[in-house]
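Participant: Dropping the structure in here first, questions after.
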Amino acid sequence: MAKEPEYIIVNIDTPRKYNWSTGKYLGHVYAEAKENKKLVGNKCPKCKAIMWGPTIVCPKCKVETGWEWEELPETGTVTQYTYLVFPLWDPHYGERWANPHPSGTILLENGVYQRHFLEETDPEKLKVGMRVQAVWKEDYDERGLGMQDVPYYRTIEE
Amino acid sequence: MQTTSEKIEGMDVWLYHGQIYIPNTFSAGATGSRFLTTIRDKAKITGTRCKECNRVYVPARSVCKDCFAQLKEWVEVSDKGTVLSYTIDSEPKPIHPTDAPVIYGIIQLDGADTGFVHMIGGADPEQLRIGMRVQAVFKPKEERIGSVLDIKHFKPL
């Protein structure tokens, strides 16, 4: 009697672990985010522009930026946004990302552009020019991942 | 699970611990599945014979690599064999099925004409030789899941 053949599915999960050091400048951003709930950028001594993320050399003036730090404002204006409706997954731990998944470019008050996720999931309510504010991880022990200590920006009414 | 980081003591530098998740799923196919289920259900290693060149493939494959003939004839081979080659990996890696050091060997089982890649266990590295005789050690029946690792390792005779 012919039996229905059984098919074996082979699963091999091989997460690759890696470590990297932030270095001195990005390390300062991590420390400020964890200890003081602040995102900081460093300043070019020549053109006075704020570097975000921090850099050692100003890409425009080609001079060393030094150790002058300025806090980024909590609030800003959305200049671009995208609204992703595809179930992407986190490449690090294989978890599904929230779906829909809106993100945007936010012009902060001091002229720094910040690309980040947005809280607003209703595409009708997403607008260029909407005002947003950074939302922090409140738990001290959860913080420690630099810019990721701000998981998203929420819409504010002004 | 989530990404973590730690501050390096005495420095304004953080160490970021990350990982890249690499899932991999594939079907063993009709021939591979039968090979694996026979190990699981009967604790027996089987292969396929080529009618053209009389070669016995272990692990079983569906097409002869030289004759391109369809391999339909199943034969049972011995659980004892000869080591054709081996290597010792002392570095722990997530890909290893067991703790380091791992000894990988290519084993030609009695009755087969090809090498079968598996692990050699319960052996002193000093004792390893090409041509040494080994025997398959199967896991207990309740632990066998239809994987090639249902054979725990090959032990020296």
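Those protein sequence lines, which keep their order, are chains A and B.
Each residue of the first sequence is one higher than the one before, counting from 4 in my numbering.
Each residue of the second sequence is one higher than the one before, counting from 60 in my numbering.
Heads up, the beta-carbon is just placed ideally off N, CA and C, and yes, glycines get one too.
Is there contact here, the stretch 11 to 19 of chain A with the stretch 68 to 83 of chain B, by at least three beta-carbon pairs under 8 Å?
Facilitator: With a cut-off of 8 Å, the stretch 68 to 83 of chain B and the stretch 11 to 19 of chain A count as touching, because enough Cβ pairs lie within range.
Participant: Who are Asp148 of chain B's beta bridge partners in DSSP?
Facilitator: DSSP output for Asp148 of chain B lists B:Val161 as bridge partner(s).
Participant: Taking the straight line between their C-alpha atoms, what separation do you get for Gly56 of chain A and Leu29 of chain A?
Facilitator: The alpha-carbon atoms of Gly56 of chain A and Leu29 of chain A are separated by roughly 7 Å.
Participant: Would Ile165 of chain B count as contacting chain A if we go by Cβ distances under 9 Å?
Facilitator: Judged by the 9 Å Cβ criterion, Ile165 of chain B is not in contact with chain A.
Participant: Does the beta carbon of Asp158 of chain B come closer than 9 Å to any beta carbon on chain A?
Facilitator: No, Asp158 of chain B does not count as interfacial toward chain A.
Participant: Count Cβ pairs between the stretch 40 to 57 of chain A and the stretch 107 to 119 of chain A that sit closer than 8 Å; are there 3 or more?
Facilitator: These segments touch.
Participant: Terminal residues of the continuous beta strand (DSSP E) containing Val138 of chain A?
Facilitator: From DSSP, the beta strand (DSSP E) with Val138 of chain A extends over 134 to 138.
Participant: Note down the Cα distance separating Glu98 of chain A from Asn22 of chain A, rounded to an integer number of angstroms.
Facilitator: Going from the Cα of Glu98 of chain A to the Cα of Asn22 of chain A covers about 20 Å.
Participant: Take Ala87 of chain B and list the residues in its own chain whose beta-carbon comes closer than 7 Å to its own, dropping the five residues that flank it on each side.
Facilitator: Leu95, listed in sequence order.
Participant: Cβ atoms of Ile98 of chain B and Ile166 of chain B: under 9 Å apart, would you say?
Facilitator: No, the pair does not count as a contact, with Cβ atoms beyond the cut-off.
Participant: Between Ser206 of chain B and chain A, is any beta-carbon pair separated by less than 9 Å?
Facilitator: At least one chain A Cβ lies under 9 Å of Ser206 of chain B.
Participant: Helix, strand or coil for Asn39 of chain A per DSSP?
Facilitator: Three-state DSSP puts Asn39 of chain A in a helix.
Participant: Name the residues in the stretch 7 to 22 of chain A whose C-beta lies less than 8 Å from a C-beta of chain B; which are they?
Facilitator: Residues passing the 8 Å Cβ filter: Pro8, Glu9, Tyr10, Ile11, Ile12, Val13, Asn14, Ile15, Asp16, Thr17, Pro18, Arg19, Lys20, Tyr21, Asn22.
Participant: Which residue wins for smallest C-alpha separation from Gly205 of chain B, given the options B:Gly180, B:Asp100, B:Asn113, B:Thr107?
Facilitator: Among B:Gly180, B:Asp100, B:Asn113, B:Thr107, the Cα nearest to that of Gly205 of chain B is on B:Asp100.
Participant: Does Ser86 of chain B come within less than 9 Å of chain A when only Cβ atoms are used?
Facilitator: Interface residue, yes.
Participant: On the CB-based measure, 16 or more other CB atoms within 10 Å of its CB, does Glu123 of chain A come out buried or exposed?
Facilitator: Counting Cβ neighbours within 10 Å, Glu123 of chain A comes out buried, since at least 16 surround it.
Participant: Thr158 of chain A bridges to which residues according to DSSP?
Facilitator: A:Val135.
Participant: Using a Cβ-Cβ cutoff of less than 8 Å, which residues in the same chain neighbour Trp100 of chain A once the five nearest sequence positions on both sides are dropped?
Facilitator: Cβ within range, chain order: Pro90, Leu91, Trp92, Asp93.
Participant: Does His13 of chain B pass the burial test, meaning 16 or more other C-beta atoms within 10 Å, or should it be called exposed?
Facilitator: Limits of chain B in this structure are 60 at one end and 216 at the other, which puts residue 13 of chain B out of reach.
Participant: What does the Cβ neighbour count give for Arg157 of chain A, buried or exposed, with the cut at 16 atoms within 10 Å?
Facilitator: Counting Cβ neighbours within 10 Å, Arg157 of chain A comes out exposed, since fewer than 16 surround it.
Participant: Using Cβ-Cβ distances below 8 Å, what residues of the stretch 68 to 87 of chain B are close to chain A?
Facilitator: Of all residues in the stretch 68 to 87 of chain B, Met70, Asp71, Val72, Trp73, Leu74, Tyr75, His76, Gly77, Gln78, Ile79, Tyr80, Ile81, Pro82, Asn83, Thr84, Phe85, Ser86, Ala87 have a Cβ within less than 8 Å of some Cβ in chain A.
Participant: Do Thr173 of chain B and Trp133 of chain B come within 9 Å of each other at the CB atom, strictly closer than that value?
Facilitator: No.
Participant: Can you list the residues of chain A that Ser92 of chain B reaches, using a CB-CB cut of under 8 Å?
Facilitator: The contacting residues are Pro8, Glu9, Tyr10, Ile11.
Participant: Report the rounded CA-to-CA distance for Cys109 of chain B versus Thr62 of chain B, giving the unit in angstroms.
Facilitator: Each residue's Cα considered, the two are about 51 Å apart.
Participant: Can you check which of these residues, A:Lys37, A:Gly107, A:Ile59, is closest to Cys47 of chain A by C-alpha distance?
Facilitator: Considering only alpha carbons, the answer is A:Ile59.
Participant: Going by Cα to Cα distance, which pick from A:Asn102, A:Thr82, A:Tyr96 is closest to Leu129 of chain A?
Facilitator: Cα-wise, what sits closest to Leu129 of chain A is A:Thr82.
Participant: From Ala36 of chain A to Glu65 of chain B, what does the alpha carbon distance come to, in whole angstroms?
Facilitator: If you take the alpha carbons of Ala36 of chain A and Glu65 of chain B, they lie about 13 Å apart.
Participant: Judging by CA-CA distance, which residue of B:Pro156, B:Glu201, B:Gly164, B:Lys198 is the nearest neighbour of Arg192 of chain B?
Facilitator: Per the Cα distances, B:Gly164.
Participant: Just checking: is the beta-carbon of Thr25 of chain A within a distance shorter than 9 Å of some beta-carbon in chain B?
Facilitator: It does: the Cβ of Thr25 of chain A has a partner Cβ on chain B nearer than 9 Å.
Participant: For Trp70 of chain A, tell me which candidate among A:Asp142, A:Ser24, A:Glu77, A:Cys61 has the shortest Cα-Cα distance.
Facilitator: It is A:Cys61.
Participant: Quick one: which chain B residues come within Cβ less than 7 Å of Pro94 of chain A?
Facilitator: Residues of chain B passing the Cβ test: Ile79, Tyr80.
Participant: Residues of chain B with CB under 9 Å from Gly56 of chain A, in chain order?
Facilitator: Chain B residues near Gly56 of chain A: none, gap ~13 Å exceeds 9 Å.
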